[in-house]
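**Q**
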Ligand SMILES: NC(=O)c1ccc[n+]([C@@H]2O[C@H](COP(=O)([O-])OP(=O)(O)OC[C@H]3O[C@@H](n4cnc5c(N)ncnc54)[C@H](OP(=O)(O)O)[C@@H]3O)[C@@H](O)[C@H]2O)c1
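Numbering (the working numbering), first residue to last: 14 to 351.
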């Protein structure tokens, strides 16, 4: 597994990070004891394979994902880089509504953008308890909060760093203007990273990447496999339950799946075969090798998926292969509007 420094922080992370959203169950068709056990095994396998950074968030299963991470890292916390987030509250009604829907038991849920200093501090305390750790290695603001000045949030994060509760500060889903505001507000404390969505069919983060490269800010890219679509294992006729967000996701419309799968077969499969790799590994390696990307956060719910995703950490594509894959997906000109 290749490793890289995360921005100008002291953290060194693997090029593939374990993404712990799906294991929380919410938005992914729920969970149960068997799925939880597989998820903990998957994270243990990831750590063994050198994929020893885990990205989670309080809102992933309303605390459930963080509690499963605690189980997976028990006894070897020092080997793992724990990345979590703050800024999306389901238990405090201040701020603007970010998402509205039902949880896995059909209960209505409203989630609010809230990066107020007192709220961020409260969330950090809750996360430390759920994760069973003394410090969070990377604390990221999950989404920009339209009702809290970025400088106020960054001030709270600097205080938490000084108290030793947080080791490095990151953000997620920020524009380059918001990154600039955060960076300036932090002063001498580095903004370690941004976490944008980035994959072969979702490339709008490239504008942010040019900003982060210029300022030495790391990138941990989320949804690198477009929620499994870029593994080639989602046939056009696979059905997703209503409580799995992919049922409504534009990229999972049947005609789009068919086009993506055809490109995977025609263009990606020969490159994969030349390296003895899989389609998912090529698509992950493509993200990892884009200039400015530090690590790709691949979600997984089983040890088998982890093995495949971790394997991408050793795969290096040639410049010609990287370009061929990019051009093939650009040529599809997919309409991914909702
Ligand atoms: N900051 C943010 O706003 C934000 C937003 C989204 C995600 N994230 C982070 O990024 C992580 C990854 O993103 P994501 O979960 O949206 O998408 P992803 O990593 O692109 O896809 C994960 C899903 O793809 C399928 N999959 C993964 N590896 C596979 C393999 N080798 N073979 C077959 N299927 C495989 C699995 O679903 P099935 O087995 O069910 O098909 C898995 O749950 C999240 O866990 C989270 O940590 C952050």
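Here a beta-carbon is modelled for each residue, glycine too, at the ideal position from N, C-alpha and C.
Using 8 Å as the cut-off, can you tell me whether the region 160-177 makes contact with the region 122-133, which would need three or more C-beta pairs spanning the two stretches below that distance?
**A** Verdict: yes, contact present.
**Q** With residue 17 as the anchor, note down where its beta strand (DSSP E) starts and where it stops.
**A** What you label residue 17 is simply residue 4 of the chain shown in a count that begins at 1. Looking at the DSSP string, the run of the beta strand (DSSP E) that includes residue 17 is 16-18.
**Q** Exposed or buried, residue 108, counting other C-beta atoms within 10 Å across all chains shown (16 or more means buried)?
**A** Within the chain shown, residue 108 is the residue found at index 95, counting from 1. Buried, since its Cβ has 16 or more Cβ neighbours within 10 Å.
**Q** Quick one: measure Cβ to Cβ for residue 98 and residue 70, integer angstroms, because I've assumed they're closer than 8 Å.
**A** Translated into the one-based positions of the chain shown, residue 98 becomes position 85. Translated into the one-based positions of the chain shown, residue 70 becomes position 57. Yes, residue 98 and residue 70 are in contact; Cβ-Cβ is about 4 Å, under 8 Å.
**Q** Could you check the C-alpha separation between residue 296 and residue 337 for me, to the nearest Å?
**A** Walking along the chain shown from the start, residue 296 turns up at place 283. Walking along the chain shown from the start, residue 337 turns up at place 324. Rounded to the nearest angstrom, the two C-alpha atoms are 12 Å apart.
**Q** Among 283, 248, 122 and 234, which has the Cα closest to the Cα of residue 267?
**A** Locating residue 267 in the chain shown gives position 254, counting from the first residue. Minimum Cα distance to residue 267 is reached at 248.
**Q** Counting only runs of 4+ residues fully inside the region 294-342, write out the alpha helix (DSSP H) ranges in chain order.
**A** For the region 294-342, whole alpha helix (DSSP H) runs of length 4 or above, ordered along the chain, are 316-324.
**Q** Starting from residue 125, trace the beta strand (DSSP E) both ways and give me its first and last residue.
**A** Walking along the chain shown from the start, residue 125 turns up at place 112. Residues 121-126.
**Q** According to DSSP, simplified to helix, strand and coil, what is residue 224?
**A** Taking the chain shown and counting its residues from 1, one reaches residue 224 at position 211. In this structure, residue 224 counts as helix in the three-state DSSP scheme.
**Q** If residue 24 and residue 94 are in contact, beta carbons under 8 Å, what's the gap, nearest whole angstrom?
**A** The residue labelled residue 24 in the question sits at position 11 within the chain shown. The residue labelled residue 94 in the question sits at position 81 within the chain shown. Confirmed, Cβ separation roughly 6 Å.
**Q** Quick check: does the Cβ of residue 348 come within less than 7 Å of any heavy atom belonging to ligand 1?
**A** Residue 348 sits at position 335 when you count from the first residue of the chain shown. Incorrect: residue 348 has no Cβ contact closer than 7 Å to ligand 1.
**Q** How about residue 322 and residue 311: do their beta carbons lie closer than 8 Å?
**A** Here residue 322 is taken as the residue at index 309 of the chain shown, counted from 1. Here residue 311 is taken as the residue at index 298 of the chain shown, counted from 1. A contact, by the Cβ cut-off of 8 Å.
**Q** Taking Cβ to Cβ, would you say residue 102 is nearer than 8 Å to residue 114?
**A** Residue mapping note: residue 102 aligns to position 89 of the chain shown, counting from 1. Residue mapping note: residue 114 aligns to position 101 of the chain shown, counting from 1. No.
**Q** From residue 316 to residue 275, what distance separates their C-alpha atoms?
**A** Along the chain shown, one-based indexing puts residue 316 at 303. Along the chain shown, one-based indexing puts residue 275 at 262. Using only the alpha carbons, I get a separation of about 27 Å.
**Q** If the criterion is Cβ atoms closer than 8 Å, does the pair residue 218 and residue 226 meet it?
**A** In the chain shown, the residue the question calls residue 218 occupies position 205. In the chain shown, the residue the question calls residue 226 occupies position 213. For residue 218 and residue 226, no; Cβs fall outside 8 Å.
**Q** Is any heavy atom of ligand 3 found at a distance shorter than 7 Å from the C-beta of residue 65?
**A** With respect to small molecules bound, the structure shown includes ligand 1 and not ligand 3.
**Q** Can you tell which of 42, 28 and 27 has its C-alpha closest to the C-alpha of residue 34?
**A** Sequence index remark: in the chain shown, residue 34 carries index 21 (1-based). Here the closest residue by C-alpha is 42.
**Q** From the DSSP output, in three-state form, read off residue 214 for me.
**A** Counting from 1 along the chain shown, the entry for residue 214 is found at position 201. Looking at residue 214 - three-state DSSP - the assignment turns out to be coil, as it is neither helix nor strand.
**Q** Let me confirm a value: residue 79 is counted as buried when at least 16 other C-beta atoms fall within 10 Å, else exposed. Which label applies?
**A** Within the chain shown, numbered from 1, the residue matching residue 79 stands at position 66. Its Cβ being crowded by 16 or more others within 10 Å, residue 79 is buried.
**Q** Keeping to the same chain, check which residues put their C-beta closer than 7 Å to that of residue 143; ignore five residues upstream and five downstream.
**A** Mapped onto the chain shown, residue 143 falls at position 130. Contacts found: 76, 79, 80 and 83.
**Q** Is residue 312 near ligand 1, with its Cβ less than 7 Å from a heavy atom?
**A** Position 299 of the chain shown, counted from the start, is the residue given in the question as residue 312. Yes; taking the cut-off as 7 Å, the Cβ of residue 312 has a heavy atom of ligand 1 nearer than that.
**Q** Check whether the region 15-22 touches the region 42-55, taking contact to mean three or more Cβ pairs, one atom from each stretch, closer than 8 Å.
**A** No, the region 15-22 does not touch the region 42-55.
**Q** So, at 8 Å on beta carbons, what are the nonlocal neighbours of residue 124 in its own chain, with the 5 sequence-adjacent residues on each side left out?
**A** Position 111 of the chain shown, counting from 1, holds the residue named residue 124. Hits under 8 Å: 72, 101, 102, 103, 110, 111, 112 and 113.
**Q** From the DSSP secondary-structure annotation, give me the bridge partner or partners of residue 232.
**A** The residue given as residue 232 occupies position 219 in the chain shown. Answer by DSSP bridge pairing, in chain order: 207.
**Q** Tell me whether residue 119 is buried or exposed, calling it buried when 16 or more other Cβ atoms sit within 10 Å of its Cβ.
**A** Position 106 of the chain shown, counted from the first residue, corresponds to residue 119. Result: exposed.
**Q** When the distance is taken between beta carbons, is residue 189 closer than 8 Å to residue 220?
**A** For the purposes of this step, residue 220 is taken as the residue at position 207 of the chain shown. For the purposes of this step, residue 189 is taken as the residue at position 176 of the chain shown. Their beta carbons are under 8 Å apart, which means residue 220 touches residue 189 by this criterion.
**Q** Considering only DSSP beta bridges, list what residue 98 is partnered with.
**A** Position 85 of the chain shown, counted from the start, is the residue given in the question as residue 98. According to DSSP, residue 98 bridges with 153.
**Q** Under a Cβ-count criterion, where at least 16 other Cβ atoms within 10 Å of its own Cβ denotes burial, should residue 314 be classed as buried or exposed?
**A** Residue mapping note: residue 314 aligns to position 301 of the chain shown, counting from 1. Per the 10 Å Cβ criterion, buried.
**Q** Under the assumption that residue 145 contacts residue 87 (Cβ atoms under 8 Å), give the Cβ distance between them as a whole number of angstroms.
**A** By one-based count along the chain shown, residue 145 stands at place 132. By one-based count along the chain shown, residue 87 stands at place 74. Confirmed, Cβ separation roughly 7 Å.
**Q** Could you work out which residue in 214, 238 and 309 is closest to residue 65 when comparing CA atoms only?
**A** Along the chain shown, read from residue 1 onward, the residue named residue 65 stands at position 52. The option with the nearest alpha carbon to residue 65 is 309.
**Q** Short check: CB of residue 300 to CB of residue 341, under 8 Å?
**A** Start at 1 with the first residue of the chain shown, and residue 300 comes out as number 287. Start at 1 with the first residue of the chain shown, and residue 341 comes out as number 328. In this structure, residue 341 does not lie closer than 8 Å to residue 300 by Cβ.
**Q** What number of angstroms, rounded off, separates the C-alpha of residue 346 from the C-alpha of residue 264?
**A** To locate residue 346, count along the chain shown from 1; it is residue 333. To locate residue 264, count along the chain shown from 1; it is residue 251. If you take the alpha carbons of residue 346 and residue 264, they lie about 12 Å apart.
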